[in-house]
Amino acid sequence: MTKKKWFLLTFVLFAIHFVAVLAWVSDGFTHFNYTLDDPYIHLQLARNIWHGHYGFNSAELSAPSSSVLWPLVLAPFSSFGFYELVPLVLNIILSLCFAGYLFKILEKRGWSERATFLVTLLGLLVINCVGLALTGLEHVLQILVVLVIVDKILMRFPDEKVGDQNDVSVAGILALALLIRYEMLVFWVAIVGFYILSRQFRKAVLVGSLSLLPLVMFSLFLSFLKLGFLPASVMAKTKSHEVFPLSLLGNVWANVVSRPGMMLILLTLVAVALCVKSKKANITNLWIIITPAVLHILVGRFGWFYRYEVYIYLYLSLLILMLIDFKKMKSSWVAVWTVFFVIVYWPYLGSVGKLRQACRNIYYQQGVTVDFLNKYLPEAIGTNDIGYVGFKHPFYVLDLYGLASKEALDYRLHAPNFDWVTNLAKEHNVEVIFVYLKWINPNSDWVKVAEFETTERSVVLGYPILWVYAKPTRVAGLRKDLIEFQKTIQRDPIKLRIY
Numbered sequence: 057m058t059k060k061k062w063f064l065l066t067f068v069l070f071a072i073h074f075v076a077v078l079a080w081v082s083d084g085f086t087h088f089n090y091t092l093d094d095p096y097i098h099l100q101l102a103r104n105i106w107h108g109h110y111g112f113n114s115a116e117l118s119a120p121s122s123s124v125l126w127p128l129v130l131a132p133f134s135s136f137g138f139y140e141l142v143p144l145v146l147n148i149i150l151s152l153c154f155a156g157y158l159f160k161i162l163e164k165r166g167w168s169e170r171a172t173f174l175v176t177l178l179g180l181l182v183i184n185c186v187g188l189a190l191t192g193l194e195h196v197l198q199i200l201v202v203l204v205i206v207d208k209i210l211m212r213f214p215d216e217k218v219g220d221q222n223d224v225s226v227a228g229i230l231a232l233a234l235l236i237r238y239e240m241l242v243f244w245v246a247i248v249g250f251y252i253l254s255r256q257f258r259k260a261v262l263v264g265s266l267s268l269l270p271l272v273m274f275s276l277f278l279s280f281l282k283l284g285f286l287p288a289s290v291m292a293k294t295k296s297h298e299v300f301p302l303s304l305l306g307n308v309w310a311n312v313v314s315r316p317g318m319m320l321i322l323l324t325l326v327a328v329a330l331c332v333k334s335k336k337a338n339i340t341n342l343w344i345i346i347t348p349a350v351l352h353i354l355v356g357r358f359g360w361f362y363r364y365e366v367y368i369y370l371y372l373s374l375l376i377l378m379l380i381d382f383k384k385m386k387s388s389w390v391a392v393w394t395v396f397f398v399i400v401y402w403p404y405l406g407s408v409g410k411l412r413q414a415c416r417n418i419y420y421q422q423g424v425t426v427d428f429l430n431k432y433l434p435e436a437i438g439t440n441d442i443g444y445v446g447f448k449h450p451f452y453v454l455d456l457y458g459l460a461s462k463e464a465l466d467y468r469l470h471a472p473n474f475d476w477v478t479n480l481a482k483e484h485n486v487e488v489i490f491v492y493l494k495w496i497n498p499n500s501d502w503v504k505v506a507e508f509e510t511t512e513r514s515v516v517l518g519y520p521i522l523w524v525y526a527k528p529t530r531v532a533g534l535r536k537d538l539i540e541f542q543k544t545i546q547r548d549p550i551k552l553r554i555y
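Residue numbers for the sequence shown follow our numbering, so the first one is 57 and each next one is one higher.
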């Protein structure tokens, strides 16, 4: 077949796979929600941005998104009738772009059409591109930009200078990367550090400063709004009650003993070994390989439904492919490398089987909560998992976890107990809250009224049981409403216990 036919075949097979998975998770296209609660935070923030307000609740400033760019991309669509599906549509388009771009990169490295076709399809499967798309988040855009970094900045790795093209172009690519997710700072350090090590000081200063400028401006914007310099979603991952070195050591230990962390170390060591074997292990090439991986292990996270580390896995895998000469390789070694990558990416390949259950988790916990709220509680409420509830409930939602409330975040990270819940609730006229007890444990000012337990296997929920608490004056009325609501969910995989 011609190159064009191989290229089209890649697109067609991936599209069929995507449609099949989408039909499965949406019960034959009858109902769709994302596999996580998080995209609804972005959707709500983007809707408010379009109306001139930066925050999750329309009456409260907040920075709940860990991506600067993604809510801005969604904002112009907020008045469309299909707005909730916009992240899915965008991710489908970006996934197809990713497939085409990966095909082109491999083709430019001199791979045969058949090998390019097979590796592209295998790559799309092992990184679970469809699963990333169904999160409704910015991760497909993130891995697409990783391809751009490898293709445009590292295109002649390991033979010639890295990033030797136009300074503004390199700065633009890095700036885009940083606005997508903060983890992409690992590439900023790698590229700017390369310039310094190769004594290209002018490039280091120019590229480094220009690429950081948009992110710095965003931080100043947040500071102007009195929200600090980093989004709450970034700060929420810290343990600010710990001394920084202890917190850092704890994060490193948790990372290196986990399977994803071990696989990241393995990918790094394999890339270094191949670089040494090819006699190209100079300090700059080793820096380009090792630095992003080390930084991710130091300050990055792994997991949360196979999302956080995919970008760095992809980066190292592409460097490995650039260091291997498949043209001269025996078929037995091709099989060995195939098995190696399947082993590394096995959990991500297998995560496809969890996608439908993830969608059901969100629907039968947050979705059922929203149904109850919209039928019986047309008022402000509090909860610790705000995305779906905040997007669907047309009243104020007090975020007790702190992504949409800087005040709640500060209390949660610093306060010795949960007395602050009562104070914040009173300030916002909240008398009913829905919480995970392992996250938020209300004091004696609150009465436990009920609990919603998801009886199916949990793959993405913070906890399978959601407890309902109320102020004493609301208990009797709330119990009556819950008893009435209980009749409507008899056939759902939910146990509603009323106290």
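Beta carbons are placed, not taken as given, at the ideal position from N, Cα and C, and that holds for glycine.
Neighbourhood of residue i by C-beta distance below 7 Å, restricted to the same chain and skipping five residues each side
i	result
residue 229	204, 205, 208, 209
residue 495	440, 457, 518
residue 102	127, 130, 131, 134
Residue range of the unbroken beta strand (DSSP E) whose run includes residue i
i	result
residue 455	453-455
Those residues which DSSP pairs with residue i across a bridge
i	result
residue 506	524, 554
residue 491	523
residue 439	455, 490
Neighbourhood of residue i by C-beta distance below 8 Å, restricted to the same chain and skipping five residues each side
i	result
residue 231	266, 267, 268, 269, 270, 271
residue 323	349, 369, 372, 373, 376, 400
residue 141	88
residue 308	353, 354
residue 315	403
residue 345	324, 327, 328, 331, 372, 375
residue 513	413
residue 529	487
residue 82	88, 415
residue 106	131, 132, 134, 135
residue 94	191, 192, 193, 443
Same chain only: Cβ atoms within 6 Å of residue i, ignoring 5 sequence neighbours per side
i	result
residue 395	none
residue 521	507, 509
residue 194	123, 126, 236
residue 147	189, 196
residue 198	236, 237, 367
residue 77	186
residue 240	233, 234
Check whether residue i and residue j have beta carbons under 8 Å apart
i	j	result
residue 351	residue 263	no
residue 186	residue 73	yes
residue 451	residue 436	yes
residue 462	residue 118	yes
residue 292	residue 465	yes
residue 91	residue 358	no
residue 505	residue 535	yes
residue 238	residue 200	no
residue 454	residue 443	no
residue 460	residue 120	yes
residue 424	residue 339	no
residue 431	residue 274	no
residue 537	residue 420	no
residue 150	residue 67	no
residue 531	residue 503	yes
residue 516	residue 418	yes
Extent of the continuous alpha helix (DSSP H) to which residue i belongs
i	result
residue 293	Residue 293 -> no alpha helix (DSSP H), and no H or E assigned at all.
residue 199	195-204
residue 258	257-280
residue 540	531-542
residue 208	No alpha helix (DSSP H) holds residue 208; DSSP gives it neither H nor E.
residue 321	315-333
residue 466	462-470
residue 121	Here residue 121 belongs to no alpha helix (DSSP H), and DSSP marks it neither H nor E.
residue 243	241-253
residue 103	94-106
residue 235	223-236
residue 478	475-483
Could you pull out every unbroken alpha helix (DSSP H) segment of at least 4 residues lying fully inside the stretch 151-190, listed in chain order? Correct list: 169-182, 185-190.
Which residue spans inside the stretch 354-438 form an unbroken beta strand (DSSP E) run of at least 3? Whole beta strand (DSSP E) segments, 3+ residues: zero.
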